[in-house]
Amino acid sequence: MGAILVSQGLVSDEQLAQATREQQRSGERLEQTLARLGIASTEQAMRALADELALPFVRLDETEIDDDAVQLVPPRLVFRLRAMPFRRENGRLLVATSDPLRLDGFEQIRVASGMPISIVVADDADLGVQIRTRFGVAGDVLEALGAGNAPAPESRVESADSDDASEASVVRLVNDLLFEAIRERATDIHIEPYEHELHVRYRIDGVMSDAGVPATINRFRHAITSRLKIMANLNIAEKRRPQDGRITVRQKGQEYDLRLSVIPMLHGEGVVLRILSKSAVLAGLDELGMPPSVLVPWSALVARPHGIVLVTGPTGSGKSTTLYASLTRIVSGEVKAITVEDPVEYHVPGVNQIQVNHQVGLDFASGLRAILRHDPDIIMIGEIRDAETANAAVQASLTGHLVLSTLHTNDAAGAATRLLDMGVEPFLVASTVEGVLAQRLLRRVCRLCVIARAPHAGELPPDFTLPADGLVAEAIGCRECRGSGYRGRIGCYELLEIDEPVRAEIMRRSSSASITAAARLNDRLTSLRESAAELVAARVTTPGEALAAVKTI
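What follows is the structure, encoded as structure tokens:
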């Protein structure tokens, strides 16, 4: 594939080498890596392959598909071979595939359908959408389990005990749900029971989307939950109380840590899994999208020998990623860094990491007290949740340690008032907190389908400046981004540096608005709105996405 793309001038030797290195790390297909890096779309790559093999290329989303032709081949073959019949033409069955060299598989399709076949090349993402649309995620497994295409039961749900969950077909069903979520870059999997339905949804780039599973999955809701409990070493007989656990899976050479939460609900047990890539390369501060106006002072703050440096924002805003990137920047052989986290999301080389364990009384506060006896230079606390942890963090900073942590506040100035509300004395907050970084995550426009256009009347507020050409980005939507127009996310930041006027406001227990005003007087605050406006001007995101993230600030 690489040689074909170079010979046709789609990529250079340097770009191919870069994509090959990234592909070896990620384990994905080469054309998918090229698309993610913005070098060439998967459609361009597959068209080049089709030309080389003298085969036709088809866009299935623009082609009339004969449902009767699709049903000529069992779902298990379609899923296993990643090839789908879509039309009969001149006495032959047209089969779309993204791997036209898999000759043994095509012979199986010919035998199963009883017709001669003709191979047509299709984009893998396009093919995957069509397979999911017609068979659903794990449609082949549901067929093997006996669900077929029968409608879900209307008046009752078939029960399944732990024996069901241990059967090979249920194991495959759960694995297909997990690996499909990983392929789609989902951060969370939601399995939600209703009276006559079981909904499976993925959170991708911060937005919920339907996983596309067949309705017949409702028959196996108990088997799915039991299987997940077994994988997480939970009590499968306990269905009245919430349970939490962890699952480790491997996919294409990468290891993923799944945090499992099971909660009893009205019509069964609801399940949510948070997906964390344990073997993912940790991002550096330079890769988080921080503008120089934030990156330079933030780097100086985390390099200080003592004090408290905080990152704030709602759940899922990337606070932990920023802390890990900051740790990576400052950790060296000359300092000792210890963290106490719940949970340990990523393993950082050279850092001693402690996992919170509430069952044995190891929480943030007790872990922090124990850390101080290990002679650290840098301490990272996963989150300051209560007065005990807040006071312990203050005492640690006063004794000459640099403390990094997170808080849940809407803006940077709110961190100081939050600590005061926890009962920390104003003079301690003023003397220990060195800086606060508030952040949000905005969806990036897909680089393969984005267009530039003039903004609509009233679309942008007055404080948003435009680039010289006066154009903004618009998210169109394509197969690469699942039609959303967005792919990936970037940080939007607000940095508050604590100086003497700000400390004076903290000592007076002033409101967050007064603290913000004091910081602006000496140009010690870069706001979230300003950061979002810069991303719009650079056409990294759209005006609607930026304003949705910062409209309440």
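Using this note's numbering, the first residue of the sequence shown is number 37, and each one after it goes up by one. The beta-carbon is built from N, C-alpha and C at its ideal position, and this holds for glycine as well.
Q | Reference residue 424, options 128, 404 and 437, closest by Cα | A | Of 128, 404 and 437, the smallest CA-CA separation from residue 424 is found for 404.
Q: Could you name the residues of the same chain whose beta carbon sits closer than 6 Å to that of residue 483, not counting the 5 residues immediately before and after it, in chain order?
A: Closer than 6 Å at Cβ, skipping near neighbours: 74.
Q. CA-CA distance, residue 127 and residue 92?
A. Taking C-alpha positions only, residue 127 is separated from residue 92 by approximately 18 Å.
Q) So residue 254 packs on residue 226, CB below 8 Å; how close in whole Å? A) Actually they do not touch by this definition, with Cβ atoms about 15 Å apart.
Q. Around the C-beta of residue 82, are 16 or more other C-beta atoms found within 10 angstroms, so that it is buried, or is it exposed?
A. The residue is buried, with at least 16 neighbouring Cβ atoms inside 10 Å.
Q. Roughly how many whole angstroms lie between the Cα atoms of residue 478 and residue 144?
A. Rounded to whole angstroms, residue 478 to residue 144 spans 46 Å at the Cα level.
(Q) For residue 575, tell me which candidate among 489, 352 and 536 has the shortest Cα-Cα distance. (A) That would be 489, whose Cα lies nearest to the Cα of residue 575.
(Q) Tell me which residues share the same chain as residue 325 and place their Cβ nearer than 6 Å to its Cβ, disregarding the 5 neighbours each side in the sequence. (A) Cβ neighbours of residue 325 beyond the five flanking positions: 526 and 527.
Q | Spatial neighbours of residue 202 in its chain, beta-carbon cut-off 6 Å, leaving aside the 5 residues before and after | A | A caution first: residue 202 carries a pLDDT of 39, below 50, which makes its placement in the model too unreliable to give a value.
Q: Write down every uninterrupted run of the alpha helix (DSSP H) in the stretch 299–363 whose length is 4 residues or greater and which is fully enclosed by it, in chain order.
A: Correct list: 328–338.
Q: Report the partner residues of residue 393 according to the DSSP bridge assignment.
A: Within the DSSP bridge table, the entry for residue 393 names 398 as partners.
Q.
By the DSSP assignment, the alpha helix (DSSP H) with residue 58 in it spans what residues?
A. 49–62 is the extent of the alpha helix (DSSP H) around residue 58.
Q) Between which two residues does the beta strand (DSSP E) containing residue 227 stretch? A) Taken as a continuous stretch (DSSP letters only), the beta strand (DSSP E) holding residue 227 covers 222–229.
Q. Taking Cβ to Cβ, would you say residue 513 is nearer than 8 Å to residue 524?
A. No.
Q) Residues bridged to residue 93 by DSSP? A) Residue 93 pairs with 157.
Q. Below 8 Å between beta carbons: does that hold for residue 376 and residue 390?
A. Cβ distance < 8 Å, so residue 376 and residue 390 count as in contact.
Q: Could you say if the stretch 302–311 and the stretch 427–440 meet the contact criterion of at least three C-beta pairs nearer than 8 Å?
A: Cβ pair count under 8 Å is below three, so no.
Q: Find the nearest neighbour of residue 88 within the set 157, 319, 55 and 338, judged by alpha-carbon distance.
A: Checked all of 157, 319, 55 and 338; the closest Cα to residue 88 is 157.
(Q) Does the stretch 255–268 come into contact with the stretch 290–298, if we say contact requires no fewer than three beta-carbon pairs (one atom in each stretch) closer than 8 Å? (A) Segments in contact, yes.
Q) What residues in its chain sit with their C-beta under 7 Å from that of residue 63, if we drop five residues either side in the sequence? A) Excluding its 5 nearest sequence neighbours in each direction, residue 63 has C-beta neighbours in its own chain below 7 Å: 288, 289 and 290, listed in chain order.
Q | Complete runs of the alpha helix (DSSP H) confined to the stretch 459–542 [at least 4 residues] | A | As far as the stretch 459–542 is concerned, its whole alpha helix (DSSP H) runs of at least 4 residues are 462–468.
**Q.** 3 or more residues per run - each beta strand (DSSP E) lying fully within the stretch 404–465
**A.** Restricting attention to beta strand (DSSP E) runs no shorter than 3 residues, the stretch 404–465 encloses them at 414–417 and 438–443, ordered along the chain.
Q.
Mapping the DSSP letters down to three states, classify residue 199 as helix, strand or coil.
A. For residue 199, the predicted structure reports a pLDDT of 44, less than 50, and the residue's modelled location is therefore unreliable. The matter cannot be settled from this model.
Q. Whole-angstrom Cβ separation of residue 78 and residue 132, contact assumed at under 8 Å?
A. With 8 Å as the limit, residue 78 and residue 132 do not qualify as a contact, their Cβ atoms being about 14 Å apart.
Q) How big is the Cα-Cα spacing for residue 246 and residue 230? A) It is roughly 15 Å from the alpha-carbon of residue 246 to the alpha-carbon of residue 230.
Q: Give a yes or no on contact between the stretch 445–453 and the stretch 355–363, applying the rule of three or more CB pairs nearer than 8 Å.
A: With a cut-off of 8 Å on Cβ pairs, the stretch 445–453 is not in contact with the stretch 355–363, counting fewer than three such pairs.
Q) Quick one, are the C-beta atoms of residue 106 and residue 122 less than 8 Å apart? A) Yes; because the gap between Cβ atoms is below 8 Å, this pair is in contact.
Q | Coarse secondary structure for residue 284, derived from DSSP in three states | A | Reduced to three states, the DSSP call for residue 284 is strand.
(Q) In whole angstroms, give me the CA-to-CA distance for residue 252 and residue 337. (A) Taking C-alpha positions only, residue 252 is separated from residue 337 by approximately 55 Å.
Q) Taking all protein chains shown into account, do 16 or more other C-beta atoms lie within 10 angstroms of the C-beta of residue 55, making it buried, or fewer, making it exposed? A) Here residue 55 is buried. Its C-beta has 16 or more other C-beta atoms within 10 Å.
Q: From the DSSP output, in three-state form, read off residue 374 for me.
A: DSSP places residue 374 in strand when its eight states are reduced to three.
Q) What do you reckon, are the CB atoms on residue 407 and residue 439 nearer than 8 Å? A) Residue 439 sits away from residue 407, with the two beta carbons spaced by 8 Å or more.
Q. Do residue 456 and residue 465 have their CB atoms nearer than 8 Å?
A. Yes, the Cβ-Cβ distance between residue 456 and residue 465 is below 8 Å.
Q: Measure the CB-CB distance between residue 586 and residue 565 and report whether it falls below 8 Å.
A: Against a cut-off of 8 Å, the Cβ pair of residue 565 and residue 586 comes out as a contact.
Q) If you count every other CB in all the chains shown that lies within 10 Å of the CB of residue 244, and 16 or more means buried, which is it? A) Residue 244 should be labelled exposed.
Q: May I ask you to verify whether the stretch 566–573 touches the stretch 494–501, counting CB pairs closer than 8 Å and requiring at least 3?
A: By the Cβ test, the stretch 566–573 is in contact with the stretch 494–501, since at least three Cβ pairs between them sit closer than 8 Å.
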